[in-house]
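What follows is one structure encoded as structure tokens, with my remarks underneath.
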Amino acid sequence: MANSHMISDFYSKLDSLMIQLGIKDMPDRLWNCDETGLSYVVKPNKVVTAIGKRYVYKRTYADRGETHTLLGCVCANGSWIPPLIIFKGVRWNDNLKADCLPNCMVKLSPKGWINSDLFLEWFKFFKNASKDDDWECS
4 MANSHMISDF
14 YSKLDSLMIQ
24 LGIKDMPDRL
34 WNCDETGLSY
44 VVKPNKVVTA
54 IGKRYVYKRT
64 YADRGETHTL
74 LGCVCANGSW
84 IPPLIIFKGV
94 RWNDNLKADC
104 LPNCMVKLSP
114 KGWINSDLFL
124 EWFKFFKNAS
134 KDDDWECS
């Protein structure tokens, strides 16, 4: 678990590195990406209970849905690039991209999760989408 000293030390090192790289005052060079799992299981939103009951608890039961992955990326200057969406599967279907954001990257993986090959492919997409010629990607 992080404590205040560890957090302060992290930001001190980050500040030093950003100064060393000459990007401290260049928000267009600072990007953050993160992935999240998405599940397509609809849970009921109504609860049936006795009239006048003071405390009502909601317990829902649903089948475990397929998990898909979304990788989003934003820049410190407020811009963003279209996301990477990974669906579970091995055979491509053009309908997968039908309702997606324009220019987003849509891929398949056996479990619907990201892996190192997909991340490298996304990073090349990021390099092109961020329109930064200084990135090196091999």
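The sequence shown begins at 4 in my numbering and counts up by one. Built from N, CA and C at the ideal position, the CB exists for glycine as well.
Nearest-angstrom beta carbon gap, residue j and residue i [assumed within contact, 8 Å]
i	j	result
I26	L33	7 Å
Alpha-carbon spacing of residue i relative to residue j, whole angstroms
i	j	result
K114	R94	12 Å
P86	D28	26 Å
K100	R57	47 Å
G40	I117	10 Å
L73	E38	5 Å
C78	K110	23 Å
S119	D31	26 Å
S11	A5	10 Å
G55	Y43	34 Å
Under the three-state DSSP convention, the category residue i falls into
i	result
L104	coil
K49	coil
Cut-off 8 Å between Cβ atoms - residues of its own chain near residue i, not counting five sequence neighbours on either side
i	result
K91	E69, T70, H71, L111, S112, P113, K114 and G115
Close-in-space but distant-in-sequence residues of the same chain around residue i (CB under 7 Å, 5 per side omitted)
i	result
L121	I89, K110 and S112
I84	C76, F129, A132 and S133
Same chain, Cβ closer than 6 Å to residue i, neighbours up to 5 away in sequence not counted
i	result
L104	P85
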